[in-house]
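Here the structure is laid out as structure tokens; the discussion comes afterwards.
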DNA sequence: TGACAAATAGGATTGAATCCTATATAGGTA
DNA sequence: TACCTATATAGGATTCAATCCTATTTGTCA
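Residue numbers (my numbering), protein chains in the order written: chain D, 1 to 151; chain G, 152 to 302.
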């Protein structure tokens, strides 16, 4: 980890504390550790993966706390549930504009960024009927590793 | 149901039989009933919803058969799993170009069609690295009914 | 520092989805 | 047409994700 990333993470953690305070949420070690892990990883982890990793620093944390916290982060907008088709919930704290590709075989989720996808226009028929809270462009397929294996 | 729809469904059922045959799959009453229900509904049902409905005509069908069959339909391309964030798997047998909006509150999935979304370009960096099997544009938010209720 | 609302741990529970295996059946073949 | 075999099914068991429950702990504000 470089000094620059570290500073970036520190800034985000500070912003997170402010965000929690504004939302009337207490700052607990569990909440901080979960958010910090989400910031540092690129693997779009499931609740269970977060649980197993955060346990290294907080051995007594419960899976329920992880699940509850992840949903709280989703609610206040500090993270979100990654889109997909079935499978377990996966989380992402990267709020910068980007899109996801998911390998149907190994379930890896890879970030990419294609600026034209950042703000796809909402058809008026939809805009009139619904409150759109999220717009995504999402790709599925097979990654290089899995192309060769699975027919 | 109009005569036209009925004819359309008959055509699709016939095409489905051919598709199964080509894939080396036997045509069972269960498989046919599940596919037929999927064709007739607009609600993007879960396996359980399919199960409860197909039971009207096949009282002894098992949930496992429904699940297995839905995944089979997905595999041969006769239907697919609807994209979403978490929640249970939902299925769709409408293969015409269209997109989905999902209400985060009541979980209703609504079809819409905006032609520019039918063939979003794949960035070359992605095209080079992965085999893309599916591209989706997906919206989430609140439907009219749920806007008033949930703050 | 004290009080109280919020958060947590950990076990219990629910619910989706898959696995297992004995039985049934679709569909090709003689 | 009747048989044969690979495929499919029913139904219960199992797995795993996710949530619920409640006694205890802990931030945070006054």
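Every residue, glycine too, gets a C-beta built ideally from N, C-alpha and C.
Can you confirm whether residue i, when its beta carbon is compared against all beta carbons of chain D, has any partner nearer than 7 Å?
| i | result |
| --- | --- |
| residue 265 of chain G | yes |
| residue 228 of chain G | no |
| residue 277 of chain G | yes |
| residue 298 of chain G | yes |
| residue 196 of chain G | no |
| residue 293 of chain G | yes |
| residue 169 of chain G | no |
| residue 152 of chain G | Here residue 152 of chain G scores only 47 on pLDDT, less than 50, and its place in the model is too uncertain to base an answer on. |
| residue 232 of chain G | yes |
Tell me which residue opens and which closes the alpha helix (DSSP H) that residue i is part of.
| i | result |
| --- | --- |
| residue 32 of chain D | 29-40 |
| residue 217 of chain G | 214-227 |
| residue 276 of chain G | 275-280 |
In chain order, what residues of the same chain lie with their CB nearer than 6 Å to the CB of residue i, ignoring the 5 residues before and after it?
| i | result |
| --- | --- |
| residue 273 of chain G | 283 |
| residue 302 of chain G | Residue placement at residue 302 of chain G is poorly supported in this model, since its pLDDT is 42, which falls under 50; the coordinates are not used for a value here. |
| residue 111 of chain D | 98 |
| residue 297 of chain G | 254, 256 and 257 |
| residue 1 of chain D | Residue placement at residue 1 of chain D cannot be trusted, given a pLDDT of 47 that sits under 50; what the coordinates show is reported in the next sentence. Excluding sequence neighbours, residue 1 of chain D sits near nothing in its chain. |
| residue 8 of chain D | none |
| residue 51 of chain D | 63 and 66 |
| residue 134 of chain D | none |
From the DSSP output, read off the bridge partner residues of residue i.
| i | result |
| --- | --- |
| residue 90 of chain D | D:46 |
| residue 103 of chain G | Lying outside 152 to 302, the shown extent of chain G, residue 103 of chain G is not represented and no answer is given. |
Measure from the C-beta of residue i to each C-beta in chain G and report whether the shortest distance is under 7 Å.
| i | result |
| --- | --- |
| residue 151 of chain D | Only weak support is given to the placement of residue 151 of chain D: the predicted model assigns it a pLDDT of 43, under 50, and the question is left unresolved by the model. |
| residue 131 of chain D | yes |
| residue 86 of chain D | yes |
| residue 139 of chain D | yes |
Ordered along the chain, which non-local residues of its own chain (more than five positions away) have a Cβ less than 8 Å from that of residue i?
| i | result |
| --- | --- |
| residue 142 of chain D | 103, 104, 105 and 150 |
| residue 74 of chain D | 80, 81 and 91 |
Considering residue i, what are the terminal residues of the beta strand (DSSP E) in which it resides?
| i | result |
| --- | --- |
| residue 111 of chain D | 109-112 |
| residue 103 of chain D | 99-103 |
Suppose the cutoff is 7 Å on Cβ atoms and the five residues either side in sequence are ignored; what does the same chain contact list for residue i look like?
| i | result |
| --- | --- |
| residue 92 of chain D | 44, 79, 80 and 82 |
Practice task
Taking 8 Å as the threshold, find out whether the region 208-219 of chain G comes into contact with the region 51-58 of chain D through three or more Cβ pairs.
Solution key: No, because fewer than three Cβ pairs between the region 208-219 of chain G and the region 51-58 of chain D fall closer than 8 Å, the two stretches do not touch.
Exercise for the section: Answer yes if the region 14-24 of chain D comes into contact with the region 40-52 of chain D, meaning at least three C-beta pairs across the two stretches below 8 Å, and no otherwise. Expected result: no
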